[in-house]
Amino acid sequence: MNLGDEALLLGAIECARVDAGLGPADIVVLSDNKEDTTVRLEGIGCEVRQLRRPYGGKLVRLPFVMVDVFRALRGLDWLVFGGGGLLNDSNRTAIPMYTLIRILAWFRGIRIAWWSIGIGPLQDGARKRMASWLLSSSRFFTVRDDDSYRMACEMLTRDVTVTPDLAHAIQYSATETKAELPIIAISVIPYKKPGIWFEESGEQYAMYCDKIVHSIQGLLHARADIHVRLFPVSLQQDGAAIDDIMALGNLATEGRVDEVRPETVQSLLSELGQTDLVIATRLHSVVLATIARVPAITIAYQPKVASYARELDMGLPCFGIDEFSSQQVVDASLATIEHTEGLPDKLLRENAERRLSLSRAITSWRALT
Numbered sequence: 054m055n056l057g058d059e060a061l062l063l064g065a066i067e068c069a070r071v072d073a074g075l076g077p078a079d080i081v082v083l084s085d086n087k088e089d090t091t092v093r094l095e096g097i098g099c100e101v102r103q104l105r106r107p108y109g110g111k112l113v114r115l116p117f118v119m120v121d122v123f124r125a126l127r128g129l130d131w132l133v134f135g136g137g138g139l140l141n142d143s144n145r146t147a148i149p150m151y152t153l154i155r156i157l158a159w160f161r162g163i164r165i166a167w168w169s170i171g172i173g174p175l176q177d178g179a180r181k182r183m184a185s186w187l188l189s190s191s192r193f194f195t196v197r198d199d200d201s202y203r204m205a206c207e208m209l210t211r212d213v214t215v216t217p218d219l220a221h222a223i224q225y226s227a228t229e230t231k232a233e234l235p236i237i238a239i240s241v242i243p244y245k246k247p248g249i250w251f252e253e254s255g256e257q258y259a260m261y262c263d264k265i266v267h268s269i270q271g272l273l274h275a276r277a278d279i280h281v282r283l284f285p286v287s288l289q290q291d292g293a294a295i296d297d298i299m300a301l302g303n304l305a306t307e308g309r310v311d312e313v314r315p316e317t318v319q320s321l322l323s324e325l326g327q328t329d330l331v332i333a334t335r336l337h338s339v340v341l342a343t344i345a346r347v348p349a350i351t352i353a354y355q356p357k358v359a360s361y362a363r364e365l366d367m368g369l370p371c372f373g374i375d376e377f378s379s380q381q382v383v384d385a386s387l388a389t390i391e392h393t394e395g396l397p398d399k400l401l402r403e404n405a406e407r408r409l410s411l412s413r414a415i416t417s418w419r420a421l422t
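Using our numbering, you'd call the opening residue of the sequence shown number 54 and step up by one each time.
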């Protein structure tokens, strides 16, 4: 379970309901795990369909997958690909699968839209051509950041529009009371961890974990009142990294280090709302921090994270995951929590502006229908 993906889904549904004026009966969610998604969307009222059986890269399953998808698409007028870094090389089967779905949708007479998607990196020529066709054959699309804009402009001759990440449509009211002592929340990932990461490297994973441990220890040593809290965005994958980091530094014995593992987006927002600073690694750790009005410094593991931090323009540091040092993280964290005046209000305004931008884009899409 990835709470970043959940945030995108909730944001897309909110846009469809509020900005496009669709009722619950007009919205169909396609999921690879119908039962779990149905539980998570309880109370919203939209239909959830199973998209397909597991593929697992086995060609023998492909005909059955095609039948599953074709059935799931029945009765739809539009197919919306909502948010996320959908068009890139990190998953070798993703773009071919989207191409297959697009072809099946064409046979059904379904129009295609892409809302606030991320594009790139795209190094493989065949996948880049497929991505270009997917976008050029759609009735409507927007991208979520400047890097995706540049990539789209390279591939297409049509106009390209940038709109914010769909998670900015999530409703959030700050009701949490902050503790008197400063709390620093850290999003960790299993960066290069063998058996989990696509391009694995045990040496790089060990180096990353060691730097996070030394960052935590440096913060605790610098100020006796600081509390550190680790949290995941991808519950299973990031949870494994939390376990490794806690064990490596023997942090469970520290009275000022703990962990939380929220299972819903709203519970994660509630946890973040109680903190004074987020050290963000995954994209949606910094996006959700923005929504919760909490300053975030970033350790970017992909260009999309650095791009978001740069466009946020809060004057907060952003480090590359292979280049950062523990001392840099400690110094930046201390400087930020000591000078947060005005930042929550700036984040509130920034989120409101992004929500308005989303509203305008979805309203323009609705005009096409």
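Even for Gly, the Cβ is constructed at its ideal location relative to N, Cα and C.
These figures come from a predicted structure and were not determined experimentally.
### Query
When you compare each of L62, G162 and L401 to P348 by their alpha carbons, which one comes out closest?
Here the question's residue 348 lines up with position 295 in the sequence shown. For P348, the closest C-alpha among the options L62, G162 and L401 is that of L401.
### Query
DSSP three-state call for W250: helix, strand or coil?
For the purposes of this step, residue 250 is taken as the residue at position 197 of the sequence shown. Coil at W250, not helix or strand.
### Query
On the three-state DSSP scale, how would you describe N404?
To locate residue 404, count along the sequence shown from 1; it is residue 351. In the structure shown, N404 sits in a helix (DSSP, three-state: H, G or I).
### Query
Helix, strand or coil for Q103 per DSSP?
For the purposes of this step, residue 103 is taken as residue 50 along the sequence shown, with counting starting at 1. Here Q103 sits in strand by DSSP.
### Query
When you compare only the Cα positions, how much space is there between T152 and V318?
Reading the sequence shown from its first residue, position 99 is the one you call residue 152. Reading the sequence shown from its first residue, position 265 is the one you call residue 318. If I take the Cα positions, the gap works out to 30 angstroms.
### Query
To which residues does DSSP link E312 through a beta bridge?
Translated into positions along the sequence shown, residue 312 becomes position 259. In DSSP, E312 forms a bridge with L283.
### Query
Residues in its own chain within less than 7 angstroms of V241 by CB, not counting five upstream and five downstream?
Start at 1 with the first residue of the sequence shown, and residue 241 comes out as number 188. Once the five neighbours on either side are set aside, the close Cβ partners of V241 are I265, L283, D291, A294, I295, I298 and T334.
### Query
What first and last residue would you give for the beta strand (DSSP E) that runs through V6?
Only positions 54 to 422 of the chain appear in the structure, and residue 6 is not among them; the question remains open.
### At least three beta-carbon pairs within less than 8 angstroms, the segment 273-282 to the segment 255-265
no
### Message
If you reduce the DSSP assignment to three classes, tell me which class V92 lands in.
### Response
By 1-based counting over the sequence shown, the position of residue 92 is 39. In the structure shown, V92 sits in a helix (DSSP, three-state: H, G or I).
### Query
When burial is assigned at 16 or more other CB atoms within 10 Å of the CB, is K111 buried or exposed?
Within the sequence shown, numbered from 1, the residue matching residue 111 stands at position 58. That one is exposed.
### Message
For A60 and I223, which I take to be in contact (beta-carbon distance under 8 angstroms), what is that distance rounded to the nearest angstrom?
### Response
As a first step, residue 60 is located in the sequence shown; it is residue number 7 there, counting from the start. As a first step, residue 223 is located in the sequence shown; it is residue number 170 there, counting from the start. Right, their Cβ atoms sit about 6 angstroms apart.
### Query
Straight-line CA distance for P107 to D85?
The residue you call residue 107 lines up with position 54 of the sequence shown. The residue you call residue 85 lines up with position 32 of the sequence shown. Distance between the alpha carbons of P107 and D85: 8 angstroms.
### Cβ neighbour criterion (16 or more within 10 Å) applied to R408
As a working note, residue 408 is residue 355 in the sequence shown. Looking at its Cβ environment, which holds 16 or more other Cβ atoms inside 10 Å, R408 is buried.
### Task
Determine the extent of the beta strand (DSSP E) in which S226 is found, giving its start and end residues.
By 1-based counting over the sequence shown, the position of residue 226 is 173. That residue, S226, is in no beta strand (DSSP E); it is neither H nor E in DSSP.
### Task
With DSSP as the reference, please indicate the residues paired to V196 in a beta bridge.
Working through the sequence shown from its first residue, we reach residue 196 at position 143. Beta-bridge pairing links V196 to I170 and V215.
### Query
Do you know offhand how far V196's Cα is from L288's?
Walking along the sequence shown from the start, residue 196 turns up at place 143. Walking along the sequence shown from the start, residue 288 turns up at place 235. Near 26 angstroms, if we compare the C-alpha coordinates of L288 and V196.
### Message
Given this structure, state the Cα-to-Cα distance separating S145 from T422, to the nearest angstrom.
### Response
Translated into positions along the sequence shown, residue 145 becomes position 92. Translated into positions along the sequence shown, residue 422 becomes position 369. Rather than Ser, the amino acid found at residue 145 in this sequence is Arg. Answer to the nearest angstrom: the Cα atoms are 33 angstroms apart.
### Query
Which residues bound the beta strand (DSSP E) around A353?
Within the sequence shown, residue 353 is the residue found at index 300, counting from 1. Run containing A353: A349 to A353, per the beta strand (DSSP E) assignment.
### DSSP bridge partner residues for A238 (one or two, in chain order)
What you label residue 238 is simply residue 185 of the sequence shown in a count that begins at 1. BP columns for A238 point to R282 and V331.
### Message
Assess contact between the segment 238-257 and the segment 189-208, defined as three or more Cβ pairs (one per stretch) separated by less than 8 angstroms. Is contact present?
### Response
With the cut-off at 8 angstroms, the segment 238-257 and the segment 189-208 do not touch.
### Task
In angstroms with no decimal places, state the Cα-to-Cα distance between M204 and F160.
Translated into positions along the sequence shown, residue 204 becomes position 151. Translated into positions along the sequence shown, residue 160 becomes position 107. Distance between the alpha carbons of M204 and F160: 29 angstroms.
#### Entry: N-terminal and C-terminal residue of the alpha helix (DSSP H) that C262 is part of
The residue you call residue 262 lines up with position 209 of the sequence shown. Note, C262: alpha helix (DSSP H), G255 to A275.
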